[in-house]
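Asks: Next up is a structure, given as structure tokens.
Residue numbers (UniProt numbering): 1 to 377.
Here it is as structure tokens:
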């Protein structure tokens with residue numbers, strides 16, 4: 001990402017690769033929560049080892065270096081989750097078309113008959129087809145539904161309830177259990193649950209690890225979104241009669257614990273490229289997720305604050321692709337925004353340092369005056 005000033009740029013190359021349909025393939029399989037682990041471990045190494053080595057100083061009052069995050073699509077979701085769990089050490093975040101909600105894809109998964117309930121922007125049937133494609137990818141990238149109900153995989157769940165219970169299996173999530181025999185249902189649950197034997201549980205970053213997930217619920221109209229990976233018990237004979245229960249997507253408190261005044265959300269800038277083609281289903285899906293993320297960040301993280309302040313802290317930029325294409329235009333816009341934040345933080349640091357120096361001089365002068373007065377007596 002191009003930046004107009006001297007900064008240290010580090011990339012976290014997280015691992016994510018779905019299973020191959022070729023049984024002879026030796027390609028390694030990395031499914032969620034592997035990317036979450038990679039980002040958490042890498043970030044902890046950066047702040048504990050790399051940054052102290054790069055910015056080593058003997059001044060005990062020296063300010064810690066500012067940390068800025070940037071990412072797009074799944075990388076944008078990982079950056080969002082990291083910022084919400086490590087707000088005290090991150091200064092600003094820039095994300096582009098982040099996939100922040102894998103749970104609600106099922107709400108778009110059926111083509112819209114006769115255009116009922118049509119929302120402005122985007123063809124409903126194209127959006128439904130795009131949702132079905134992303135749901136297929138979701139089934140490959142996540143071993144069980146509990147993995148994408150994890151707030152670190154779907155960061156909007158830090159800010160609101162999922163609106164449904166966590167399915168036991170992918171088959172249940174897709175509504176494929178109706179009419180199956182009890183033996184078949186048990187086999188599906190056992191087969192999908194076996195993935196937990198080789199998939200380690202989610203390891204959040206060091207601050208998030210201390211958060212009690214029970215603070216996200218239970219609600220009188222919802223259940224906690226996070227189900228720790230365990231062996232799923234066999235489905236009961238009555239499970240195949242169960243239909244997904246819709247629940248209200250109630251707003252959640254952020255931060256989940258402690259005094260809200262003691263934690264400030266990093267500056268967020270959400271970049272999106274509004275589709276110009278109504279048939280661009282994926283583009284409209286991501287655009288809607290972008291809109292919801294900005295609304296939730298402003299409401300959940302700045303509850304009771306003035307609207308203008310929330311909009312200043314969480315901004316949205318629509319990127320218009322130029323001659324060089326969307327990727328170049330987006331990288332340029334994100335780099336420019338981050339450079340502006342760095343300039344602002346640098347000026348704020350300079351003012352703080354100037355005040356610190358003035359206070360230090362005043363104390364030295366007071367000590368010198370006291371010393372002269374003692375000698376005079």
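No residue lacks a Cβ here, since even glycine has one placed at the ideal position from N, Cα and C.
Here the structure is a predicted model, which means the values were calculated and not measured.
Locate the alpha helix (DSSP H) running through residue 43, then write down its first and last residues.
Replies: The sequence position of residue 43 within the chain shown is 43, counting from 1. Per DSSP, residue 43 belongs to the alpha helix (DSSP H) from 34-45.
Asks: In terms of alpha-carbon separation, which member of 33, 95, 260, 66 lies closest to residue 286?
Replies: The residue given as residue 286 occupies position 286 in the chain shown. The candidate whose alpha carbon is nearest that of residue 286 is 95.
Asks: Under DSSP, the beta strand (DSSP E) around residue 310 begins and ends at which residues?
Replies: For this step, residue 310 is matched to residue 310 along the chain shown. It is not in any beta strand (DSSP E) - residue 310 instead sits in the alpha helix (DSSP H) that spans 307-313.
Asks: What's the C-alpha gap between residue 77 and residue 272?
Replies: The residue you call residue 77 lines up with position 77 of the chain shown. The residue you call residue 272 lines up with position 272 of the chain shown. Taking the straight line joining both Cα atoms gives about 14 Å.
Asks: Apply the 10 Å Cβ neighbour rule to residue 12 and answer buried if 16 or more other Cβ atoms are within range, or exposed otherwise.
Replies: In the chain shown, counting from the first residue as 1, residue 12 sits at position 12. Buried, since its Cβ has 16 or more Cβ neighbours within 10 Å.
Asks: Considering only C-alpha positions, which residue in the set 266, 138, 64 is nearest to residue 33?
Replies: As a working mapping, residue 33 is identified with position 33 in the chain shown. Answer by Cα proximity: 138.
Asks: Cβ of residue 69 within 9 Å of Cβ of residue 266?
Replies: As a first step, residue 69 is located in the chain shown; it is residue number 69 there, counting from the start. As a first step, residue 266 is located in the chain shown; it is residue number 266 there, counting from the start. For residue 69 and residue 266, yes; Cβs fall inside 9 Å.
Asks: Whose C-beta lies closer than 8 Å to the C-beta of residue 27 among residues of the same chain, with five residues either side of it excluded?
Replies: Taking the chain shown and counting its residues from 1, the one referred to as residue 27 is at position 27. 17, 20, listed in sequence order.
Asks: Return the chain-ordered list of same chain residues with a C-beta closer than 8 Å to the C-beta of residue 307, the five sequence neighbours on each side being excluded.
Replies: Position 307 of the chain shown, counting from 1, holds the residue named residue 307. Contacts found: 298.
Asks: At the level of alpha carbons, what is the spacing between residue 345 and residue 92?
Replies: Taking the chain shown and counting its residues from 1, the one referred to as residue 345 is at position 345. Taking the chain shown and counting its residues from 1, the one referred to as residue 92 is at position 92. Cα to Cα, the separation comes out at about 10 Å.
Asks: Ordered along the chain, which non-local residues of its own chain (more than five positions away) have a Cβ less than 7 Å from that of residue 233?
Replies: The sequence position of residue 233 within the chain shown is 233, counting from 1. With a pLDDT of only 43 at residue 233, under the threshold of 50, the placement of this residue in the model should not be trusted; the figure read from the coordinates follows. Hits under 7 Å: none found.
Asks: Is residue 322 buried or exposed, if buried means 16 or more other CB atoms sit within 10 Å of its CB?
Replies: Reading the chain shown from its first residue, position 322 is the one you call residue 322. Exposed.
Asks: Could you pull the DSSP bridge partners for residue 325 from this structure?
Replies: Taking the chain shown and counting its residues from 1, one reaches residue 325 at position 325. Beta-bridge pairing links residue 325 to 322.
Asks: Alpha carbon to alpha carbon, how far is residue 121 from residue 255? Give it in angstroms, no decimals.
Replies: As a working note, residue 255 is residue 255 in the chain shown. As a working note, residue 121 is residue 121 in the chain shown. Distance between the alpha carbons of residue 255 and residue 121: 33 Å.
Asks: Should residue 303 and residue 253 be called a contact, given that it needs their Cβ atoms to be closer than 9 Å?
Replies: By 1-based counting over the chain shown, the position of residue 303 is 303. By 1-based counting over the chain shown, the position of residue 253 is 253. Yes.
Asks: Cβ of residue 250 within 9 Å of Cβ of residue 126?
Replies: If you number the chain shown from 1, residue 250 lands on position 250. If you number the chain shown from 1, residue 126 lands on position 126. Going by C-beta atoms, residue 250 is not nearer than 9 Å to residue 126.
Asks: I'd like the list of long-range same chain contacts for residue 173, defined as Cβ closer than 6 Å, with 5 residues on each side in sequence excluded.
Replies: The residue you call residue 173 lines up with position 173 of the chain shown. 145, 167.
Asks: Taking 9 Å as the threshold (C-beta atoms), are residue 89 and residue 154 in contact?
Replies: For the purposes of this step, residue 154 is taken as the residue at position 154 of the chain shown. For the purposes of this step, residue 89 is taken as the residue at position 89 of the chain shown. No, the pair does not count as a contact, with Cβ atoms beyond the cut-off.
Asks: Roughly how many angstroms separate the alpha carbons of residue 324 and residue 314, rounded to a whole number?
Replies: The count along the chain shown starts at 1 and reaches residue 324 at position 324. The count along the chain shown starts at 1 and reaches residue 314 at position 314. For residue 324 and residue 314, the distance between alpha carbons rounds to 27 Å.
Asks: Go ahead and pull the three-state DSSP assignment for residue 285.
Replies: By one-based count along the chain shown, residue 285 stands at place 285. In the structure shown, residue 285 sits in a helix (DSSP, three-state: H, G or I).
Asks: Pull up the distance between the alpha-carbon of residue 63 and that of residue 45, whole angstroms please.
Replies: For the purposes of this step, residue 63 is taken as the residue at position 63 of the chain shown. For the purposes of this step, residue 45 is taken as the residue at position 45 of the chain shown. When rounded, the distance between both Cα atoms is 19 Å.
Asks: Just to confirm before moving on: does the CB-CB distance between residue 288 and residue 164 stay below 9 Å?
Replies: On the chain shown, residue 288 is found 288 positions in, with the first residue counted as 1. On the chain shown, residue 164 is found 164 positions in, with the first residue counted as 1. Cβ distance not < 9 Å, so residue 288 and residue 164 don't count as in contact.
Asks: By the three-class DSSP mapping on this structure, what secondary structure does residue 92 have?
Replies: Taking the first residue of the chain shown as position 1, residue 92 is located at position 92. Three-state DSSP puts residue 92 in a strand.
Asks: Is any non-hydrogen atom of the ligand FAD found closer than 8 Å to the C-beta of residue 10, if you look at the structure I gave you?
Replies: In terms of ligand content, the structure shown is empty, and the ligand FAD therefore cannot be addressed.
Asks: Would the beta-carbon of residue 330 fall within 9 Å of that of residue 319?
Replies: On the chain shown, residue 330 is found 330 positions in, with the first residue counted as 1. On the chain shown, residue 319 is found 319 positions in, with the first residue counted as 1. Against a cut-off of 9 Å, the Cβ pair of residue 319 and residue 330 comes out as a contact.
Asks: For my contact list, residue 435 and residue 134 are in at a C-beta cut-off of 8 Å; report their separation, rounded to the angstrom.
Replies: Residue 435 lies beyond the residue range present for the chain, which begins at 1 and ends at 377; the question has no answer from this structure.
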